[in-house]
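Below: the structure, in structure tokens.
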Amino acid sequence: MQAPVKPVEIVSNADRIRIIGQGLTGSLLALALHEKGIPFVVQDVSLPGTASPVAPGIVNPLAGRHFRPPERIDELLAEIGQSMALVRKHLGTDIWNPCPILRMFAEPTQIDRFERTLSSHESKAFVEERFLENTFPHLNDVFGSFLTKQGGWANLPLLCSAMRDWLKKDGRLIEQQWDPNEAEEAGLNEVLCFCEGWQVANNSHWSFIPHNPAKGEMLIVRFEEELPRDRIYNQGCWVQPIEEDLWRVGATYSWSNFEGGPSLDGAEDLQERLHLLTQIPFHVQDQVAGVRPIVEDYNPVIGQHPEKANWFILNAMGSKGVLQAPMAVNLLARILLEGKSPPSEWAVSRFT
């Protein structure tokens with residue numbers, strides 16, 4: 001039996017790499033390849049439900065009900081810094097906004113979980129300050145709150161638009177939908193990297209992956225009285241300062257109607273949650289929706305197709321896109337250029 005061709009050999013013999021999809025992962029992968037001098041093009045059309053152009057891009061080291069940082073958190077944060085530096089270098093824009101997260105406890109049981117978790121040195125390293133109940137006027141902090149450090153958010157709409165302009169100017173953008181039949185008939189000597197976001201769930205060639213995309217809706221609001229804009233607020237929903245005097249509020253989860261856009265139910269749900277977080281009156285300026293690319297175990301998916309040796313996938317960043325995508329991009333680059341293997345819990349081979 002003939003041994004499978006190694007990724008490094010495939011890339012070295014290919015004319016170029018074709019990235020399918022220009023969201024967060026596709027954009028960062030393109031910049032990483034450009035930095036290493038690897039020929040590439042990006043193929044992308046604006047499809048309904050694409051997450052990155054509307055995503056909040058929030059990084060919260062202590063997200064979740066247990067207040068624990070994810071595994072390899074220090075490495076994940078370091079990779080974010082490197083990716084943001086590449087964006088500044090090649091696109092001439094800064095999309096990263098360091099920003100602490102003020103999380104208000106919703107009930108006493110959350111305080112108990114938090115205090116148990118805080119006994120871990122790893123969690124304690126991300127708590128900047130603890131506040132007693134009713135510290136902040138106009139906020140629902142009747143059980144107290146705490147400030148998470150080393151968080152922030154990336155301006156993903158700006159990344160997507162700036163990256164698209166750069167690709168067009170450099171002649172590297174193909175604005176048409178990828179068709180596997182046309183690609184095979186053309187006989188192109190390319191490596192394909194699929195960064196399709198949730199749309200990969202409609203790609204039959206990757207159907208062995210247990211896709212579980214989730215739609216998320218967000219509001220853009222303006223408050224009648226301004227909240228301090230130096231932090232993100234979190235209790236039942238998150239409230240994120242964006243441009244001028246606007247705030248982004250999110251987000252819902254639903255597992256249907258992916259191409260249907262924003263909904264009245266989503267708007268009502270978010271407004272109700274925002275009323276619970278703050279007593280300040282607000283006015284809704286806009287509502288947006290996107291679909292998170294998720295698989296059943298909620299981990300990213302990276303690696304080589306089991307049957308098509310020149311096909312690779314970089315997907316399923318879920319709601320932690322900015323936290324996970326920079327490391328995932330670096331891992332795929334190491335697969336392609338060095339023959340390294342990704343962590344087993346992120347490898348596409350876990351589904352084969």
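Heads up, the sequence shown is in UniProt numbering, so the first residue is 1 and it goes up one at a time. Think of the CB as a built atom: it goes at the ideal place given N, C-alpha and C, for glycine as much as any other residue.
Next item on the list: Under 8 Å by Cβ, that's how I've got Pro61 and Thr148 pegged, so tell me the actual separation to the nearest angstrom.
Entry: Contact between Pro61 and Thr148 holds: their C-beta atoms lie close to 6 Å from each other, under 8 Å.
Next item on the list: Give me the Cα-Cα distance between Arg334 and Ser83, rounded to the nearest whole angstrom.
Entry: 15 Å
Next item on the list: Inspect the beta-carbon positions of Met327 and Glu79 and report whether they are closer than 8 Å.
Entry: yes
Next item on the list: Compute the beta-carbon to beta-carbon distance between Pro7 and Gly339, rounded to the nearest angstrom, for a pair I have assumed lies under 8 Å.
Entry: 6 Å
Check: Can you pull the DSSP bridge partners for Met104?
Finding: Ser145
Margin query: So Trp153 and Asn97 are supposed to be a Cβ contact under 8 Å. How far apart are they, rounded?
Written below: 5 Å
Item checked: Residues sharing a beta bridge with Ile20, DSSP -> Gln43 and Phe194
Next item on the list: Check whether the stretch 284–302 touches the stretch 218–236, taking contact to mean three or more Cβ pairs, one atom from each stretch, closer than 8 Å.
Entry: yes
Check: Skipping 5 residues on each side, what residues in its chain have a beta carbon closer than 8 Å to that of Asn299?
Finding: Excluding residues up to 5 positions away in sequence, Ala316, Glu345 and Trp346 lie with their Cβ nearer than 8 Å to the Cβ of Asn299 in the same chain.
Notebook entry, point to check: Taking the C-alpha atoms as reference points, what is the distance between Asp165 and Gly92?
Noted result: 12 Å
Next item on the list: Look at Phe351 and Leu336 and say whether their C-beta atoms are less than 8 Å apart.
Entry: no
Checklist line | Contacting residues, own chain, Cβ-Cβ under 8 Å from Thr135 (five flanking each side not counted) | finding: For Thr135, same chain residues with a beta-carbon under 8 Å away, outside a window of 5 residues either side, are Asp141, Gly144 and Ser145 in chain order.
Note to self: Quick test of your reading: Ser27 and Cys237, contact by CB under 8 Å. State the CB separation rounded to the nearest angstrom.
What the structure shows: Not a contact, Cβ separation roughly 27 Å.
Margin query: On a Cα-Cα basis, can you pick out the residue from Leu167, Val59, Glu225 and Arg88 that is closest to Gln43?
Written below: Leu167
Margin query: Pop quiz: Ile174 and Val348 are said to be a contact at Cβ under 8 Å. What is the actual Cβ separation, rounded to whole angstroms?
Written below: Incorrect: roughly 24 Å between the Cβ atoms, too far for contact.
Check: From what residue to what residue does the beta strand (DSSP E) around Arg88 run?
Finding: Annotation: Arg88 is outside any beta strand (DSSP E); the continuous alpha helix (DSSP H) that includes it extends over Ile73 to Leu91.
Item checked: Residue burial classification, Ile19 (beta-carbon count within 10 angstroms, cutoff 16) -> buried
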